[in-house]
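First to last, the protein sequences are chains A and B. Our numbering runs 799 ahead of the 1-based position in the first sequence. Our numbering runs 31 ahead of the 1-based position in the second sequence. Here a beta-carbon is modelled for each residue, glycine too, at the ideal position from N, C-alpha and C. Single-structure report; data block below.
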Amino acid sequence: KAGVTQTPRYLIKTRGQQVTLSCSPISGHRSVSWYQQTPGQGLQFLFEYFSETQRNKGNFPGRFSGRQFSNSRSEMNVSTLELGDSALYLCASSPDPTSTDTQYFGPGTRLTVL
Amino acid sequence: DAKTTQPPSMDCAEGRAANLPCNHSTISGNEYVYWYRQIHSQGPQYIIHGLKNNETNEMASLIITEDRKSSTLILPHATLRDTAVYYCIVRESYNQGGKLIFGQGTELSVKP
Chain A
800 KAGVTQTPRY LIKTRGQQVT LSCSPISGHR SVSWYQQTPG QGLQFLFEYF SETQRNKGNF
860 PGRFSGRQFS NSRSEMNVST LELGDSALYL CASSPDPTST DTQYFGPGTR LTVL
Chain B
32 DAKTTQPPSM DCAEGRAANL PCNHSTISGN EYVYWYRQIH SQGPQYIIHG LKNNETNEMA
92 SLIITEDRKS STLILPHATL RDTAVYYCIV RESYNQGGKL IFGQGTELSV KP
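Following this line, the structure appears as structure tokens:
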């Protein structure tokens, strides 16, 4: 079974631009979570989607948004990019959003904001 | 905030067992302990999880104390490829959101 895939793998943007990242979960998985990883803050939860609905949201500004499609694929969008948004963005999928369904991570998208 | 405390770094000799400790004294009765590892900015890799019983799989063993306030991840025969940052996570219950709240992890260096 194919793992979680994320596109693109690398991205360079400039301040003020917006960016859209994509995540395809493992086949059959309906829950998708997004995380941001930076050297200073570590791995931080952004949001989770299940059945096309945002189920959970972390403590990030409204510039960070996401959505999930009927095939469970998910996108996240960051508008008005700031230098501090440079990070590794990770997507994880699980069958359902229970505390026992393991989340499996993708390879991440490395975003650099200049 | 993360509910776990881990040593920032550990060394282990190749071929020996690596025992990675984790404290989670505020864990609630229905919260699971999860372990992931991350090798040099790749996506975190799931290792094992448990509630209160000891668990073993092909990668590792998880020993949880009876009071559930701490646990130990055991890699029975560490290899150089086990060099990574290991994260111990107390996962929120479903009603709380079920999120994985990562701490700073333990950087394990396996040396020849």
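What is the DSSP secondary structure of residue i, counted as helix, strand or coil?
{"i": "arginine 47 of chain B", "result": "coil"}
{"i": "glycine 827 of chain A", "result": "coil"}
{"i": "arginine 866 of chain A", "result": "strand"}
{"i": "glycine 883 of chain A", "result": "helix"}
{"i": "asparagine 85 of chain B", "result": "coil"}
{"i": "glutamine 76 of chain B", "result": "strand"}
{"i": "asparagine 876 of chain A", "result": "strand"}
{"i": "serine 131 of chain B", "result": "According to the sequence as given, residue 131 of chain B is leucine; it is not serine. Leucine 131 of chain B falls in the coil class under three-state DSSP."}
{"i": "asparagine 61 of chain B", "result": "coil"}
{"i": "asparagine 858 of chain A", "result": "coil"}
{"i": "leucine 913 of chain A", "result": "coil"}
{"i": "aspartate 42 of chain B", "result": "strand"}
{"i": "arginine 112 of chain B", "result": "helix"}
Between the beta-carbon of residue i and the beta-carbon of residue j, is there less than 8 Å?
{"i": "threonine 103 of chain B", "j": "leucine 139 of chain B", "result": "no"}
{"i": "valine 116 of chain B", "j": "cysteine 43 of chain B", "result": "no"}
{"i": "asparagine 858 of chain A", "j": "phenylalanine 846 of chain A", "result": "no"}
{"i": "tyrosine 65 of chain B", "j": "arginine 122 of chain B", "result": "yes"}
{"i": "glutamine 880 of chain A", "j": "glycine 839 of chain A", "result": "The identity of residue 880 of chain A in the sequence shown is leucine, whereas the question assumes glutamine. Against a cut-off of 8 Å, the Cβ pair of glycine 839 of chain A and leucine 880 of chain A comes out as no contact."}
{"i": "proline 824 of chain A", "j": "serine 892 of chain A", "result": "yes"}
{"i": "glycine 905 of chain A", "j": "glycine 134 of chain B", "result": "no"}
{"i": "glycine 802 of chain A", "j": "tyrosine 903 of chain A", "result": "yes"}
{"i": "phenylalanine 863 of chain A", "j": "lysine 130 of chain B", "result": "no"}
Does any C-beta atom of chain A lie closer than 8 Å to the C-beta of residue i?
{"i": "proline 75 of chain B", "result": "yes"}
{"i": "isoleucine 94 of chain B", "result": "no"}
{"i": "histidine 55 of chain B", "result": "no"}
{"i": "lysine 142 of chain B", "result": "no"}
{"i": "histidine 80 of chain B", "result": "yes"}
{"i": "glutamine 37 of chain B", "result": "no"}
{"i": "isoleucine 132 of chain B", "result": "yes"}
{"i": "glycine 46 of chain B", "result": "no"}
Exposed or buried, what is residue i when buried is set at 16 or more other beta-carbons lying within 10 Å of its beta-carbon?
{"i": "threonine 908 of chain A", "result": "buried"}
{"i": "serine 869 of chain A", "result": "exposed"}
{"i": "glutamine 127 of chain B", "result": "exposed"}
{"i": "alanine 48 of chain B", "result": "exposed"}
{"i": "lysine 800 of chain A", "result": "exposed"}
{"i": "arginine 68 of chain B", "result": "buried"}
{"i": "leucine 842 of chain A", "result": "buried"}
{"i": "glutamine 853 of chain A", "result": "exposed"}
{"i": "glycine 60 of chain B", "result": "exposed"}
{"i": "glutamate 851 of chain A", "result": "exposed"}
{"i": "serine 826 of chain A", "result": "exposed"}
Is any beta-carbon of chain B found at less than 8 Å from that of residue i?
{"i": "leucine 842 of chain A", "result": "yes"}
{"i": "leucine 887 of chain A", "result": "yes"}
{"i": "glycine 865 of chain A", "result": "no"}
{"i": "glycine 839 of chain A", "result": "no"}
{"i": "glycine 905 of chain A", "result": "yes"}
{"i": "asparagine 855 of chain A", "result": "yes"}
Kindly list the residues whose CB is nearer than 6 Å to the CB of residue i, restricted to its own chain and excluding five residues on each side of it in sequence; keep chain order.
{"i": "serine 821 of chain A", "result": "Thr806 and Glu874"}
{"i": "histidine 55 of chain B", "result": "Lys34, Thr35 and Val121"}
{"i": "threonine 837 of chain A", "result": "Ala886"}
{"i": "tyrosine 809 of chain A", "result": "Arg909"}
{"i": "threonine 813 of chain A", "result": "Leu913"}
{"i": "threonine 137 of chain B", "result": "Gln37, Pro38, Met41, Leu51 and Tyr117"}
Less than 8 Å between C-beta atoms, sequence neighbours within five positions excluded: which residues of the same chain meet that for residue i?
{"i": "threonine 96 of chain B", "result": "Ser102"}
{"i": "isoleucine 45 of chain B", "result": "The displayed chain sequence assigns glutamate, not isoleucine, to residue 45 of chain B. Closer than 8 Å at Cβ, skipping near neighbours: Ala109, Thr110, Leu111, Val141, Lys142 and Pro143."}
{"i": "aspartate 895 of chain A", "result": "Arg829, Ser830 and Phe849"}
{"i": "glutamine 817 of chain A", "result": "Asn876, Val877, Ser878, Thr879 and Leu880"}
Go through its chain and collect everything with a Cβ distance to residue i's Cβ below 7 Å, but skip five positions before and after it.
{"i": "arginine 99 of chain B", "result": "Ile58 and Lys83"}
{"i": "asparagine 88 of chain B", "result": "Ile79"}
{"i": "leucine 106 of chain B", "result": "Ala48, Ala49, Ala91 and Asp113"}
{"i": "isoleucine 94 of chain B", "result": "Asn85, Ser102, Thr103 and Ile105"}
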